[in-house]
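Visitor: Residues 1 to 172 in full-length UniProt numbering are what the sequence shown lists, from first letter to last.
Don't be surprised by glycine CBs; every beta carbon is placed ideally from N, CA and C.
Have a look at the structure that comes next, please.
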Amino acid sequence: MAYIMVDVESDGPIPGDYSMISFGAVLVNDALDTTFYGQLKPVSDNYIPEALAVSGHTREETLQFDDPKKVMSTFAAWLSSNCKDRPVFISDNNGFDWMFICWYFHHFTGSNPFGHSSQNLGSLYKGLVNDTFKNFKHLRRTKHTHHPVDDAIGNAEALLTLKKEHGLKIKW
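Have a look at this one:
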């Protein structure tokens, strides 16, 4: 199985009514050198300025981003070329990131290469350390910048640390 760490930036809380502005993904392996970055034109006229500001982009910039159908098709091809079997979606906040990626895949390509499930890095960490109040974010080496590739890489670094220090079994 290929683990794909994903991070999403959006201009609001839910897909469809609001838009995924950008996302990043990294194939989780020791090198962390296989990444994907997509910037997507909004699918709605709605946006929350404060949510958009987190991404570092203006509304005017996002209107010049790529067609979502093209980005999601390109991402599906990237997954296919980098994963021998079904990829495993994992993220820091899979409740948020997953709903955008899943909705965009189904809406623009008709299917989701990740299937119907996702994994949550934070919950995995809490289980490994047996403490629901603990947070994994101290395990990141790459600074959390809200650029989705940086953030996906930082989260993947944390996952690799869990593999090394806690004996987490991950096959790739």
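#1: In its own chain, which residues sit with a C-beta less than 6 Å from the C-beta of W103, not counting the 5 before and 5 after it?
#2: Pick out whichever of N130, M5, S73, S55 has its Cα sitting closest to the Cα of V107.
#3: Distance check for N112 and D11, CA to CA, integer angstroms please.
#4: Using only the alpha-carbon positions, how far apart do A51 and E9 sit?
#5: Could I get the ranges of all uninterrupted alpha helix (DSSP H) runs contained in the region 100-158, with 4 residues as the minimum, in chain order?
#6: Considering only the alpha carbon of each residue, which of R86, G110, G38 lies closest to D66?
#7: Can you find at least 3 beta carbon pairs, one from the region 15-24 and one from the region 142-149, that sit closer than 8 Å?
#8: Quick one: Cα of S117 to Cα of N94, how far?
#9: Could you tell me whether the region 28-43 touches the region 118-137, where touching means 3 or more Cβ pairs closer than 8 Å?
#10: Going by C-alpha distance, which of D30, I101, N46 is nearest S91?
#11: Expressed to the nearest angstrom, what Euclidean distance is found between the alpha-carbon atoms of F114 and V26?
#12: Beta-carbon within less than 7 Å of G56's beta-carbon, same chain only, minus the 5 sequence neighbours each way: which residues are those?
#13: Between the alpha carbons of E60 and V43, how many angstroms are there, rounded?
#14: Nearest by alpha-carbon distance to G167: which of L124, G110, T132, Q119 is it?
#15: Taking 8 Å as the threshold (C-beta atoms), are N155 and R140 in contact?
#16: Do you know whose CA, among Y18, A31, A2, P13, lies nearest I153's CA?
#17: Could I get the ranges of all uninterrupted alpha helix (DSSP H) runs contained in the region 9-85, with 4 residues as the minimum, in chain order?
#18: In angstroms with no decimal places, state the Cα-to-Cα distance between F105 and Y18.
Guide: Checking against the coordinates, here is how it stands:
#1: Your numbering for residue 103 matches position 103 in the sequence shown. If we look at W103 and ignore the five residues flanking it on each side, its Cβ neighbours are P15.
#2: The sequence position of residue 107 within the sequence shown is 107, counting from 1. Sequence check: residue 107 is His here, not Val. Nearest of N130, M5, S73, S55 to H107, Cα basis: S73.
#3: As a position in the sequence shown, residue 11 is number 11, starting the count at 1. As a position in the sequence shown, residue 112 is number 112, starting the count at 1. Each residue's Cα considered, the two are about 22 Å apart.
#4: The count along the sequence shown starts at 1 and reaches residue 51 at position 51. The count along the sequence shown starts at 1 and reaches residue 9 at position 9. Cα to Cα, A51 sits roughly 9 Å from E9.
#5: 121-129
#6: Against the sequence shown, residue 66 aligns to sequence position 66. It is G38.
#7: Yes, since at least three Cβ pairs between the region 15-24 and the region 142-149 fall closer than 8 Å, the two stretches touch.
#8: The residue labelled residue 117 in the question sits at position 117 within the sequence shown. The residue labelled residue 94 in the question sits at position 94 within the sequence shown. Cα atoms of S117 and N94: separation of roughly 10 Å, rounded to the nearest angstrom.
#9: no
#10: As a first step, residue 91 is located in the sequence shown; it is residue number 91 there, counting from the start. Residue I101 is the option with its Cα nearest to S91.
#11: Taking the sequence shown and counting its residues from 1, one reaches residue 114 at position 114. Taking the sequence shown and counting its residues from 1, one reaches residue 26 at position 26. Distance between the alpha carbons of F114 and V26: 14 Å.
#12: Translated into positions along the sequence shown, residue 56 becomes position 56. The residues are H146.
#13: The residue you call residue 60 lines up with position 60 of the sequence shown. The residue you call residue 43 lines up with position 43 of the sequence shown. Going from the Cα of E60 to the Cα of V43 covers about 14 Å.
#14: Position 167 of the sequence shown, counted from the first residue, corresponds to residue 167. Checked all of L124, G110, T132, Q119; the closest Cα to G167 is L124.
#15: Start at 1 with the first residue of the sequence shown, and residue 140 comes out as number 140. Start at 1 with the first residue of the sequence shown, and residue 155 comes out as number 155. Yes, the pair counts as a contact, with Cβ atoms nearer than the cut-off.
#16: As a position in the sequence shown, residue 153 is number 153, starting the count at 1. Closest option to I153, Cα to Cα, is A31.
#17: 49-55, 59-62, 68-82
#18: Against the sequence shown, residue 105 aligns to sequence position 105. Against the sequence shown, residue 18 aligns to sequence position 18. Distance from the CA of F105 to the CA of Y18, rounded to the nearest whole angstrom, comes to 15 Å.
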